[in-house]
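The opening residue of the sequence shown carries number 255 in the numbering used here; numbering runs sequentially from there.
One structure below.
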Amino acid sequence: MPRYLDNEVSDAEARNIHAHLLTCTACAAELATLVRLKLALRSAHLRFEPSPALRRKVLMQIRPPRRMTWRRIWFPAIPAAFAVLLLGLAIRYWPATNRNMFGEITDLHVATLASANPVDVVSSDKHTVKPWFEGRIPFAFELPELKGTDFTLLGGRVAYLHQAPAAQLIYGAGLHRISVFVFQDRPELQLDMLKHAVGAIDYTYVFYSSSEEGLHFVLVGSVDSKKVQRLGQLIFEANKR
(Lines of atoms letter the chains of each structure in order from A; the text may use other names.)
(Lines give C-alpha, C1' and ligand atoms only; values in the text may rest on other atoms or scores of the structure.)
Protein backbone atom coordinates (compact mmCIF):
# COMPACT_ATOMS: atom_id res chain seq x y z
CA MET A 255 0.00 0.00 0.00
CA PRO A 256 2.78 2.54 0.74
CA ARG A 257 4.28 1.87 -2.72
CA TYR A 258 0.89 2.49 -4.33
CA LEU A 259 0.48 5.75 -2.43
CA ASP A 260 3.96 6.91 -3.48
CA ASN A 261 3.40 6.02 -7.16
CA GLU A 262 6.06 3.31 -7.05
CA VAL A 263 4.01 0.60 -8.74
CA SER A 264 3.43 -0.10 -12.42
CA ASP A 265 0.32 1.08 -14.25
CA ALA A 266 -1.09 -2.46 -14.24
CA GLU A 267 -0.45 -2.89 -10.51
CA ALA A 268 -2.03 0.50 -9.81
CA ARG A 269 -5.17 -0.44 -11.72
CA ASN A 270 -5.43 -3.76 -9.86
CA ILE A 271 -4.93 -2.12 -6.46
CA HIS A 272 -7.45 0.59 -7.28
CA ALA A 273 -10.05 -2.01 -8.29
CA HIS A 274 -9.37 -3.90 -5.06
CA LEU A 275 -9.81 -0.75 -2.95
CA LEU A 276 -13.30 -0.28 -4.34
CA THR A 277 -14.41 -3.56 -2.74
CA CYS A 278 -12.13 -4.00 0.31
CA THR A 279 -13.01 -1.72 3.23
CA ALA A 280 -10.01 -2.90 5.29
CA CYS A 281 -7.49 -1.89 2.64
CA ALA A 282 -9.36 1.35 1.96
CA ALA A 283 -9.15 2.17 5.67
CA GLU A 284 -5.42 1.36 5.70
CA LEU A 285 -4.90 3.65 2.71
CA ALA A 286 -6.86 6.43 4.41
CA THR A 287 -4.61 6.14 7.48
CA LEU A 288 -1.49 6.36 5.33
CA VAL A 289 -2.85 9.36 3.44
CA ARG A 290 -3.71 11.19 6.66
CA LEU A 291 -0.18 10.51 7.97
CA LYS A 292 1.32 11.75 4.71
CA LEU A 293 -0.76 14.93 4.78
CA ALA A 294 0.15 15.54 8.43
CA LEU A 295 3.86 15.23 7.67
CA ARG A 296 3.53 17.61 4.75
CA SER A 297 1.64 20.21 6.74
CA ALA A 298 4.23 19.99 9.53
CA HIS A 299 7.02 20.75 7.03
CA LEU A 300 9.15 17.93 8.43
CA ARG A 301 12.02 18.12 6.00
CA PHE A 302 15.60 19.24 6.28
CA GLU A 303 16.25 22.79 5.06
CA PRO A 304 19.98 23.53 4.66
CA SER A 305 20.99 26.87 6.15
CA PRO A 306 23.07 29.39 4.16
CA ALA A 307 25.99 28.60 6.47
CA LEU A 308 25.76 24.88 5.67
CA ARG A 309 25.60 25.57 1.94
CA ARG A 310 28.72 27.76 2.20
CA LYS A 311 30.50 25.05 4.19
CA VAL A 312 29.69 22.39 1.58
CA LEU A 313 30.80 24.68 -1.24
CA MET A 314 34.05 25.39 0.58
CA GLN A 315 34.69 21.66 0.95
CA ILE A 316 34.36 20.98 -2.77
CA ARG A 317 36.60 23.86 -3.81
CA PRO A 318 39.98 22.80 -5.22
CA PRO A 319 43.16 23.20 -3.18
CA ARG A 320 45.10 26.33 -4.00
CA ARG A 321 48.35 24.46 -4.63
CA MET A 322 49.37 24.90 -8.25
CA THR A 323 50.37 21.25 -8.65
CA TRP A 324 46.75 20.15 -8.11
CA ARG A 325 45.06 22.79 -10.23
CA ARG A 326 45.03 20.77 -13.44
CA ILE A 327 43.67 17.73 -11.64
CA TRP A 328 40.86 19.54 -9.81
CA PHE A 329 39.79 22.11 -12.39
CA PRO A 330 37.74 19.70 -14.56
CA ALA A 331 36.14 18.27 -11.43
CA ILE A 332 34.91 21.61 -10.07
CA PRO A 333 31.96 22.09 -12.47
CA ALA A 334 30.98 18.44 -12.12
CA ALA A 335 31.03 18.49 -8.32
CA PHE A 336 29.17 21.79 -8.22
CA ALA A 337 26.57 20.47 -10.67
CA VAL A 338 26.04 17.35 -8.58
CA LEU A 339 25.60 19.47 -5.46
CA LEU A 340 23.06 21.77 -7.14
CA LEU A 341 21.24 18.83 -8.69
CA GLY A 342 21.00 17.14 -5.31
CA LEU A 343 19.68 20.28 -3.65
CA ALA A 344 17.23 20.85 -6.49
CA ILE A 345 15.83 17.33 -6.34
CA ARG A 346 15.61 17.36 -2.55
CA TYR A 347 14.42 20.90 -1.85
CA TRP A 348 12.85 22.23 -5.05
CA PRO A 349 9.28 23.54 -4.64
CA ALA A 350 6.45 21.22 -5.73
CA THR A 351 6.49 20.25 -9.39
CA ASN A 352 3.44 19.36 -11.43
CA ARG A 353 3.73 15.74 -10.34
CA ASN A 354 4.06 16.61 -6.67
CA MET A 355 1.06 18.92 -6.87
CA PHE A 356 -0.94 16.17 -8.59
CA GLY A 357 0.12 13.81 -5.82
CA GLU A 358 -1.00 16.17 -3.06
CA ILE A 359 -4.40 16.75 -4.64
CA THR A 360 -4.81 13.04 -5.35
CA ASP A 361 -4.04 12.35 -1.68
CA LEU A 362 -6.86 14.69 -0.67
CA HIS A 363 -9.23 12.96 -3.08
CA VAL A 364 -8.30 9.44 -1.92
CA ALA A 365 -8.44 10.39 1.76
CA THR A 366 -11.91 11.86 1.32
CA LEU A 367 -13.32 8.81 -0.45
CA ALA A 368 -11.76 6.45 2.09
CA SER A 369 -13.18 8.41 5.02
CA ALA A 370 -16.22 7.17 6.94
CA ASN A 371 -17.66 10.68 6.51
CA PRO A 372 -16.43 11.92 3.13
CA VAL A 373 -18.51 15.11 3.09
CA ASP A 374 -19.66 17.56 5.76
CA VAL A 375 -22.73 18.74 3.88
CA VAL A 376 -24.72 15.95 2.24
CA SER A 377 -27.08 17.09 -0.49
CA SER A 378 -27.70 16.88 -4.22
CA ASP A 379 -29.18 20.39 -4.18
CA LYS A 380 -26.68 23.08 -5.13
CA HIS A 381 -28.81 25.63 -3.28
CA THR A 382 -28.07 23.70 -0.09
CA VAL A 383 -24.40 22.89 -0.71
CA LYS A 384 -23.24 26.30 -1.95
CA PRO A 385 -24.57 28.35 1.02
CA TRP A 386 -22.95 25.88 3.44
CA PHE A 387 -19.51 27.19 2.41
CA GLU A 388 -20.37 30.80 3.31
CA GLY A 389 -18.20 31.85 6.24
CA ARG A 390 -16.08 28.71 5.95
CA ILE A 391 -13.94 29.82 2.99
CA PRO A 392 -12.92 33.39 2.04
CA PHE A 393 -14.36 33.34 -1.49
CA ALA A 394 -17.56 32.54 -3.37
CA PHE A 395 -18.18 30.30 -6.36
CA GLU A 396 -21.07 28.98 -8.43
CA LEU A 397 -22.28 25.44 -9.05
CA PRO A 398 -23.65 24.30 -12.42
CA GLU A 399 -27.07 22.94 -13.27
CA LEU A 400 -26.80 19.19 -13.77
CA LYS A 401 -30.19 18.46 -15.29
CA GLY A 402 -29.78 16.33 -18.39
CA THR A 403 -26.22 15.30 -17.49
CA ASP A 404 -24.71 12.10 -16.12
CA PHE A 405 -23.51 13.84 -12.96
CA THR A 406 -24.97 14.02 -9.46
CA LEU A 407 -23.86 16.38 -6.70
CA LEU A 408 -23.28 14.34 -3.53
CA GLY A 409 -22.04 17.01 -1.12
CA GLY A 410 -19.00 18.99 -0.08
CA ARG A 411 -16.42 19.76 2.55
CA VAL A 412 -13.60 22.22 3.27
CA ALA A 413 -10.16 20.93 2.24
CA TYR A 414 -6.73 22.47 2.78
CA LEU A 415 -3.73 22.66 0.47
CA HIS A 416 -0.62 24.16 2.08
CA GLN A 417 -2.86 25.60 4.81
CA ALA A 418 -5.02 27.40 2.20
CA PRO A 419 -8.76 26.58 2.40
CA ALA A 420 -10.56 25.17 -0.62
CA ALA A 421 -14.04 23.93 -1.38
CA GLN A 422 -14.07 20.23 -2.21
CA LEU A 423 -17.22 19.06 -3.95
CA ILE A 424 -17.95 15.39 -4.58
CA TYR A 425 -19.85 14.44 -7.71
CA GLY A 426 -21.10 11.05 -8.77
CA ALA A 427 -20.62 9.80 -12.32
CA GLY A 428 -22.30 6.42 -12.26
CA LEU A 429 -20.41 4.34 -9.69
CA HIS A 430 -17.40 6.65 -9.84
CA ARG A 431 -16.63 9.71 -7.74
CA ILE A 432 -15.04 12.95 -8.90
CA SER A 433 -13.59 15.58 -6.58
CA VAL A 434 -13.89 19.20 -7.66
CA PHE A 435 -11.50 21.48 -5.76
CA VAL A 436 -12.16 25.21 -5.87
CA PHE A 437 -9.16 27.30 -4.82
CA GLN A 438 -8.61 30.99 -4.55
CA ASP A 439 -5.95 31.63 -7.20
CA ARG A 440 -3.11 32.58 -4.83
CA PRO A 441 0.51 32.84 -6.09
CA GLU A 442 1.94 30.88 -3.15
CA LEU A 443 -0.10 27.81 -4.14
CA GLN A 444 1.60 27.75 -7.56
CA LEU A 445 -1.59 26.57 -9.21
CA ASP A 446 -0.48 28.03 -12.54
CA MET A 447 1.64 24.92 -13.03
CA LEU A 448 -1.59 22.92 -13.37
CA LYS A 449 -2.97 24.92 -16.28
CA HIS A 450 -1.71 22.36 -18.79
CA ALA A 451 -3.19 19.43 -16.89
CA VAL A 452 -6.32 18.99 -18.99
CA GLY A 453 -6.79 15.28 -19.50
CA ALA A 454 -3.42 14.44 -17.93
CA ILE A 455 -3.34 10.96 -16.42
CA ASP A 456 -1.33 9.94 -13.36
CA TYR A 457 -1.83 6.16 -13.16
CA THR A 458 -5.60 5.73 -12.73
CA TYR A 459 -6.39 9.37 -11.94
CA VAL A 460 -7.52 11.94 -14.48
CA PHE A 461 -7.02 15.66 -13.91
CA TYR A 462 -8.73 18.70 -15.30
CA SER A 463 -7.66 22.21 -14.37
CA SER A 464 -8.87 25.68 -15.32
CA SER A 465 -9.11 29.15 -13.82
CA GLU A 466 -11.66 31.95 -14.02
CA GLU A 467 -12.21 35.23 -12.17
CA GLY A 468 -9.58 34.66 -9.49
CA LEU A 469 -10.63 31.05 -8.86
CA HIS A 470 -8.84 27.86 -9.82
CA PHE A 471 -10.70 24.60 -10.36
CA VAL A 472 -9.00 21.21 -10.20
CA LEU A 473 -10.91 17.99 -10.82
CA VAL A 474 -9.60 14.53 -10.08
CA GLY A 475 -11.23 11.14 -10.43
CA SER A 476 -10.70 7.58 -11.57
CA VAL A 477 -13.10 7.82 -14.47
CA ASP A 478 -13.09 8.38 -18.22
CA SER A 479 -11.19 11.57 -19.04
CA LYS A 480 -14.02 12.89 -21.21
CA LYS A 481 -16.38 12.84 -18.23
CA VAL A 482 -13.90 14.68 -16.05
CA GLN A 483 -13.40 17.30 -18.75
CA ARG A 484 -17.15 17.64 -19.30
CA LEU A 485 -17.80 18.27 -15.61
CA GLY A 486 -14.86 20.67 -15.55
CA GLN A 487 -16.36 22.63 -18.42
CA LEU A 488 -19.72 22.83 -16.64
CA ILE A 489 -18.01 24.17 -13.50
CA PHE A 490 -15.96 26.61 -15.55
CA GLU A 491 -18.99 27.95 -17.47
CA ALA A 492 -21.01 28.38 -14.26
CA ASN A 493 -18.32 30.67 -12.87
CA LYS A 494 -17.88 32.87 -15.92
CA ARG A 495 -18.90 36.46 -15.27
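Idealized CB from N, CA, C, for every residue including glycine.
None of these values were measured; they are calculated from a predicted model.
Asked                                                                                                                                                    : Found
Relative to the C-alpha of D439, which residue among A370, E267, P419 and L288 is closest?                                                               : P419
Going by alpha carbons, who is nearest to G468 out of G486, G475 and P441?                                                                               : P441
Does DSSP put S433 in a helix, a strand or coil?                                                                                                         : strand
Should the stretch 358-372 be called in touch with the stretch 391-404, which here means at least 3 C-beta pairs below 8 Å?                              : no
To the nearest angstrom, how far is it from the Cα of A266 to the Cα of A365?                                                                            : 22 Å
If I'm right that S464 touches F490 with Cβ under 8 Å, what's the distance once you round it to whole angstroms?                                         : 5 Å
Going straight from the alpha carbon of R257 to that of L288, what length do you get?                                                                    : 11 Å
Let's see if you can read the secondary structure: which residues bound the alpha helix (DSSP H) around V477?                                            : Careful: V477 lies outside any alpha helix (DSSP H) and carries neither H nor E.
In three-state terms, what does DSSP make of L423?                                                                                                       : strand
Thinking C-alpha only, which one of H274, D361 and I271 is nearest L291?                                                                                 : D361
Counting only the same chain and skipping the five closest in sequence on each side, list residues whose C-beta sits under 8 Å from that of K384.        : F395, E396 and L397
Can you check the stretch 385-412 for any alpha helix (DSSP H) of at least 4 residues that lies completely inside it and give the ranges in chain order? : none
Buried or exposed: where does R390 fall if 16 or more other Cβ atoms within 10 Å of its Cβ makes it buried?                                              : exposed
Can you tell which of T406, F437 and N493 has the C-alpha that lies nearest to the C-alpha of Q417?                                                      : F437
Check whether the Cβ atoms of H363 and G475 sit closer than 9 Å, and answer yes or no.                                                                   : yes
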